[in-house]
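Protein chains in written order, with the numbering used here: chain A, 2 to 340; chain B, 18 to 543.
Beta carbons are placed, not taken as given, at the ideal position from N, Cα and C, and that holds for glycine.
This one's a predicted model, so the numbers in the text were calculated from it and none came from an experiment.
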Amino acid sequence: MTSQTLAQASNVAVYGAMVVLTLAMVAFAADLALGSGRVRAAEAARSVSVRRRAAATPASDSVVDDRSAVAVATPPGPALGERDDERWGRIGISLTALAWLLLTVALVARGLAAGRPPWGNMYEFVLAGSWWTLTVFGFLLVRGRRVGHLGGVIAGAALVALGVAVVQFYVPAADLVPALKSTWLWIHVSAATLAAGVFTVGTAATVMFLLADRYERRSLTSTTGGVRDALARRLPSSQSLDRTAYRAYAFAFPLWFFVLVSGAIWAEDAWGRYWGWDPKETWSFVTLVIFAAYLHARATAGWRGRSAALIALVGFVAFVFNFVGVNIFFSGFHSYAGL
Amino acid sequence: MAADLDPFATDAPIRPPSLGAVGAARWVWRQLTSMRVALILLFLLAVAAVPGSVFPQRGVSPLKVQDFFTNDPTLARVLDSLSMFDVYAAPWFAAIYLLLTVSLVGCIVPRVRAHWRAVRSLPPPAPRNLHRLPVHRSATVDAADPQAVVAAVATSLTKRRFRVRTSEDGLSLAAEKGYLRESGNLVFHVSLLLLLVGLGVSALLGYKGTVVVVEGQGFSNTLSQYDTFQPGRRFDESMLAPFSFRLDALDASYLTDGPRRGQPSAFAADVTVTDSPGAAEVPVQISVNHPLGVDGSKVFLLGTGYAPRFTVRDGNGDVVFSGAVPTLPQDAAFTSTGVVKVPDAQPDQLAFQVRFTPTAPSQVDPLLGPASTFPEDDAPRVYLGAWTGDLGLDDGVAQNIYALETADLEQLGNRALDPGESWQLAGGQGSITFDGVSEFGNFQVARDPGRFWVLVGAVGAIAGVVVSLTVRRRRVWVRVTPDETGRTLVTGAGLARTEDSGLAAEVDQVVALAVAEVAPAGEEQR
Ligand code: HEM
Numbered sequence: 002m003t004s005q006t007l008a009q010a011s012n013v014a015v016y017g018a019m020v021v022l023t024l025a026m027v028a029f030a031a032d033l034a035l036g037s038g039r040v041r042a043a044e045a046a047r048s049v050s051v052r053r054r055a056a057a058t059p060a061s062d063s064v065v066d067d068r069s070a071v072a073v074a075t076p077p078g079p080a081l082g083e084r085d086d087e088r089w090g091r092i093g094i095s096l097t098a099l100a101w102l103l104l105t106v107a108l109v110a111r112g113l114a115a116g117r118p119p120w121g122n123m124y125e126f127v128l129a130g131s132w133w134t135l136t137v138f139g140f141l142l143v144r145g146r147r148v149g150h151l152g153g154v155i156a157g158a159a160l161v162a163l164g165v166a167v168v169q170f171y172v173p174a175a176d177l178v179p180a181l182k183s184t185w186l187w188i189h190v191s192a193a194t195l196a197a198g199v200f201t202v203g204t205a206a207t208v209m210f211l212l213a214d215r216y217e218r219r220s221l222t223s224t225t226g227g228v229r230d231a232l233a234r235r236l237p238s239s240q241s242l243d244r245t246a247y248r249a250y251a252f253a254f255p256l257w258f259f260v261l262v263s264g265a266i267w268a269e270d271a272w273g274r275y276w277g278w279d280p281k282e283t284w285s286f287v288t289l290v291i292f293a294a295y296l297h298a299r300a301t302a303g304w305r306g307r308s309a310a311l312i313a314l315v316g317f318v319a320f321v322f323n324f325v326g327v328n329i330f331f332s333g334f335h336s337y338a339g340l
Numbered sequence: 018m019a020a021d022l023d024p025f026a027t028d029a030p031i032r033p034p035s036l037g038a039v040g041a042a043r044w045v046w047r048q049l050t051s052m053r054v055a056l057i058l059l060f061l062l063a064v065a066a067v068p069g070s071v072f073p074q075r076g077v078s079p080l081k082v083q084d085f086f087t088n089d090p091t092l093a094r095v096l097d098s099l100s101m102f103d104v105y106a107a108p109w110f111a112a113i114y115l116l117l118t119v120s121l122v123g124c125i126v127p128r129v130r131a132h133w134r135a136v137r138s139l140p141p142p143a144p145r146n147l148h149r150l151p152v153h154r155s156a157t158v159d160a161a162d163p164q165a166v167v168a169a170v171a172t173s174l175t176k177r178r179f180r181v182r183t184s185e186d187g188l189s190l191a192a193e194k195g196y197l198r199e200s201g202n203l204v205f206h207v208s209l210l211l212l213l214v215g216l217g218v219s220a221l222l223g224y225k226g227t228v229v230v231v232e233g234q235g236f237s238n239t240l241s242q243y244d245t246f247q248p249g250r251r252f253d254e255s256m257l258a259p260f261s262f263r264l265d266a267l268d269a270s271y272l273t274d275g276p277r278r279g280q281p282s283a284f285a286a287d288v289t290v291t292d293s294p295g296a297a298e299v300p301v302q303i304s305v306n307h308p309l310g311v312d313g314s315k316v317f318l319l320g321t322g323y324a325p326r327f328t329v330r331d332g333n334g335d336v337v338f339s340g341a342v343p344t345l346p347q348d349a350a351f352t353s354t355g356v357v358k359v360p361d362a363q364p365d366q367l368a369f370q371v372r373f374t375p376t377a378p379s380q381v382d383p384l385l386g387p388a389s390t391f392p393e394d395d396a397p398r399v400y401l402g403a404w405t406g407d408l409g410l411d412d413g414v415a416q417n418i419y420a421l422e423t424a425d426l427e428q429l430g431n432r433a434l435d436p437g438e439s440w441q442l443a444g445g446q447g448s449i450t451f452d453g454v455s456e457f458g459n460f461q462v463a464r465d466p467g468r469f470w471v472l473v474g475a476v477g478a479i480a481g482v483v484v485s486l487t488v489r490r491r492r493v494w495v496r497v498t499p500d501e502t503g504r505t506l507v508t509g510a511g512l513a514r515t516e517d518s519g520l521a522a523e524v525d526q527v528v529a530l531a532v533a534e535v536a537p538a539g540e541e542q543r
């Protein structure tokens with residue numbers, strides 16, 4: 002195959018992945034709407050955590066570490082694909098797997114077409130970031146983690162990212178500018194795109210946490226209702242979602258720190274300084290500091306739970322802005338070839 | 018629940034200041050070193066860094082700041098009074114990170130002390146009522162020797178790297194593991210301090226300068242040779258390492274086909290370096306990702322460009338200028354502009370605006386002027402505009418060497434020249450010859466004495482935080498007591514400081530261990 006056909010094959014695979022992800026989102030939505038069997042299981046799990054919450058409310062919760070308490074009494078949340086009436090969830094997961102396969106093909110073909118690893122410009126970064134998002138999600142599922150209920154948000158996020166990549170960032174496959182030819186580049190960018198995947202999965206869990214948390218608060222005063230609560234009823238307990246999110250961020254934080262450091266080492270070789278407050282560097286720093294604040298918040302009385310989750314969401318917004326926004330709105334050294 | 022049940026608690030509750038200056042100072046200090054304030058300062062730091070990416074910064078792109086002032090002087094002045102063009106040197110930015118640093122020190126010191134003590138002591142004895150701990154299990158088993166059961170559990174916990182304390186009566190034990198978590202956390206925070214110190218040292222004692230060097234010419238590391246120079250606050254000229262180098266050849270290559278035709282694919286400079294006057298000459302190559310390190314300084318190749326060579330004769334026929342004139346690239350195909358100033362020309366001073374195209378276009382756009390079609394110097398051509406009059410070089414005001422102020426000058430005409438061609442100026446004012454093309458490299462020389470500590474701090478921080486976020490610190494307590502009916506009650510409890518989904522399983526296991534020591538008869542879990 003010539004590099005031209007390979008590049009075309011890559012583009013077709015990306016479009017294919019987008020179609021499949023759309024279908025996956027529909028399936029996950031149907032699962033949330035129709036997965037009645039799980040509601041009962043989730044309800045049972047939640048009643049425990051609600052009771053605990055009710056019991057804890059009058060006491061001063063400034064001293065007690067109720068996070069560990071959670072780990073005990075919460076029965077394992079429901080897993081997708083366990084029951085017969087969860088075929089929608091299973092279909093969603095299968096479709097996501099197919100989308101992952103197509104994205105893998107897209108990246109490999111693109112790499113072969115350009116004769117280098119396929120993360121040398123914004124278009125490829127976003128492709129790789131989406132690939133990692135699906136990979137991390139799949140990895141957690143394969144490892145038996147109960148994260149199926151995050152599928153809808155994850156498929157949606159990957160779909161939007163690919164859409165932005167195709168519309169905003171597309172460039173033909175080609176060689177790199179000299180500054181980008183460095184071993185550090187591959188290390189730095191691989192870590193950055195992996196971090197993108199982990200941050201996205203963590204944020205999906207945070208979004209679901211906020212839904213579940215709201216539902217649980219409201220169910221204490223019996224005022225649940227509306228679409229959000231209808232969705233939340235089918236989620237596992239807020240504590241288990243919070244834990245999933247925390248695990249993701251706890252993995253992503255050191256990784257992101259490493260992205261900054263490896264980027265700085267590369268920047269020194271390429272531009273003669275390791276830190277220069279270029280917009281990309283600034284926003285990476287902002288992202289890191291916000292997630293440091295998140296980790297602190299989880300250890301600070303009165304900031305756990307909802308406040309910490311909101312900080313993490315702000316951190317993710319900064320992260321996404323850094324990934325795509327900075328290249329569109331600001332100019333700096335990081336304005337890569339093709340954009 | 019009572020505070021004493023959380024032996025890990027670090028947060029001092031907010032209290033109003035007690036009377037007196039000392040009390041107030043202590044209160045301020047306690048606030049400053051609290052987690053809550055650290056959290057707020059971190060958030061402020063993130064917010065404060067943002068405007069630096071929105072507005073152009075003097076340290077990064079001074080020209081853009083000038084543009085800003087030209088376009089909107091009122092807004093620019095307002096922004097400037099808020100340090101928006103020097104965000105990272107602004108007093109409010111410094112205030113935030115200094116407060117954070119103080120808070121960090123104030124936080125680390127007591128924690129290091131406490132951790133040092135914790136590491137060398139045994140875990141606190143089991144609280145009286147284990148049922149009040151968040152994770153607890155109990156089981157009732159047949160009559161057994163409580164001391165023997167506790168001893169057996171102690172042995173097995175020790176094997177699992179717990180530190181175990183058995184009570185004096187032998188009826189209960191306390192065990193703890195995961196001290197490394199706090200160690201990692203402290204390494205992380207101390208490393209951040211180290212990183213800050215490194216940055217501070219560089220800001221005081223470092224320097225950074227740029228210089229354009231044309232092929233065949235040299236550079237020696239003295240202040241006067243630099244085109245731009247940014248010294249650290251405590252910099253002094255004796256800190257310049259006495260090295261020099263000669264630029265022997267520049268080699269830039271570009272993609273010649275495909276969709277990105279003309280994009281640079283590699284560039285490198287062959288230089289001959291001398292560490293100090295009289296030392297051996299060493300040939301080395303400097304390329305984009307491979308800077309040259311000499312004597313604590315680093316030399317980077319930031320970019321390349323073209324320097325067309327000219328010979329200028331004045332009205333008297335004397336050679337008044339001969340040499341290469343660096344031009345600034347204006348686009349990706351290296352259409353470049355520059356100026357030749359000839360103050361020595363007689364009877365009138367001469368100046369030439371130079372527009373250089375390494376690969377001349379076959380047709381010139383009448384609006385945009387000539388634009389190069391490829392960055393390689395395949396068909397070089399210069400487009401000259403000649404001027405005469407007083408160049409104003411004697412009035413002591415520094416001039417941009419790449420721009421010509423033409424207000425007081427008289428134009429002599431325009432002409433395009435290929436290499437080797439000459440142009441006789443009208444009115445016997447002299448002539449200019451385009452002798453050929455050299456390339457130049459734009460080099461940056463930097464010394465960064467804190468750099469090593471910045472790197473050590475960064476690596477230490479990552480290592481520390483990885484350890485801290487993976488190790489789980491947990492305490493487990495077991496108590497074995499005979500109950501009223503003559504049977505034996507085994508109670509286990511656990512406490513973790515942070516998210517620890519394995520804690521419950523651990524407590525289950527410990528209780529199961531104790532139960533297994535006794536024949537399990539009609540046990541009931543409670
Ligand atoms: C310079 C800015 C700071 C940054 C970037 C930072 C970052 C972090 C991060 C990422 C963690 C979580 C990882 C871990 O547990 O090791 C953490 C934990 C912690 N930090 Fe900081 N920190 C900073 C300043 C401070 C200050 C000033 C204090 C004291 C008030 C402090 C006290 C703590 C404590 C007690 C923990 C442990 C929390 C836990 O056990 O989960 N930090 N910090």
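Within the stretch 446-525 of chain B, the complete alpha helix (DSSP H) runs of at least 4 residues fall at 468-487. Secondary structure of G264/A (DSSP, three-state): helix.
Take the alpha-carbon of A18/A and the one of L99/A: they are about 8 Å apart.
Here G447/B has V329, R330, D331, G332, A362, L367 as same chain residues with Cβ atoms under 7 Å from its own Cβ, once five neighbours each way along the sequence are excluded. In the structure shown, the three-state DSSP call for T184/A is helix. In the DSSP assignment, F322/A falls outside any beta strand (DSSP E), carrying neither H nor E.
Chain B has no Cβ within less than 8 Å of the Cβ of G203/A. Residues of the stretch 286-314 of chain A with a Cβ closer than 7 Å to any Cβ of chain B, in chain order: F286, V287, V290, I291, A293, A294, H297, A298, A300, T301, A302, W304.
At least one heavy atom of the ligand HEM lies less than 7 Å from the C-beta of A300/A. Taking P73/B as the centre and dropping the five residues before and after it, the same chain places the C-beta of K81, V82, F85, F102 closer than 7 Å to its C-beta, in chain order. The DSSP-derived three-state label of L319/B is strand. Counting every other CB atom within 10 Å of its CB across the protein chains shown gives D395/B a total below 16, marking it as exposed. At least one heavy atom of the ligand HEM sits closer than 7 Å to the Cβ of R514/B. The beta carbon of F259/A sits closer than 8 Å to some beta carbon of chain B. At a cut-off of 8 Å between C-beta atoms, P237/A does not count as an interface residue with respect to chain B.
Distances from the CB of V482/B to the heavy atoms of the ligand HEM include at least one below 7 Å.
Per DSSP, reduced to three states, the secondary structure at L408/B is coil, with no helix or strand assignment.
For T183/B, the enclosing beta strand (DSSP E) starts and ends at 180-183. A direct Cα-Cα distance of roughly 21 Å separates N238/B from A271/A.
For A251/A, the C-beta contacts it makes with chain B under 7 Å involve L486, in order along the chain. A residue is called buried once 16 or more other Cβ atoms fall within 10 Å of its Cβ, and N431/B, having fewer, is exposed. Inter-residue distance for K176/B and R504/B is about 28 Å (C-alpha atoms, whole angstroms).
Identification of chain B residues near V165/A by a Cβ-Cβ cut-off of 9 Å yields none; the smallest Cβ-Cβ distance measures about 20 Å.
Taking 8 Å as the threshold, the shortest C-beta distance from N306/B to chain A falls below it. When the beta-carbon positions are compared, F327/B and D452/B come within less than 8 Å of each other.
Looking at the DSSP output, E298/B shares a beta bridge with T291/B. With contacts defined by Cβ atoms closer than 8 Å, G153/A and A313/A do not form a contacting pair. Under the three-state reduction of DSSP, E199/B is assigned to helix. Annotation: the continuous beta strand (DSSP E) that includes Y224/B extends over 224-231.
Only those residues of the stretch 32-63 of chain B whose C-beta falls short of 8 Å from the nearest C-beta of chain A are listed: M52, R53, A55, L56, L59, F60, L62, A63. Residue contact check for R274/A against chain B: a CB pair falls below 8 Å.
Bridge pairing for Q247/B: K225/B [DSSP]. At a Cβ-Cβ threshold of 8 Å, Y323/B and F351/B count as neighbours. Non-local C-beta neighbours of L221/B in its own chain, meaning closer than 7 Å and more than five positions away in sequence, comprise G249, R250, R251, ordered along the chain. Below the 9 Å Cβ cutoff, chain B contributes S70, V77 as neighbours of D279/A, in chain order. In the structure shown, L150/B falls within a coil segment according to DSSP collapsed to helix, strand and coil.
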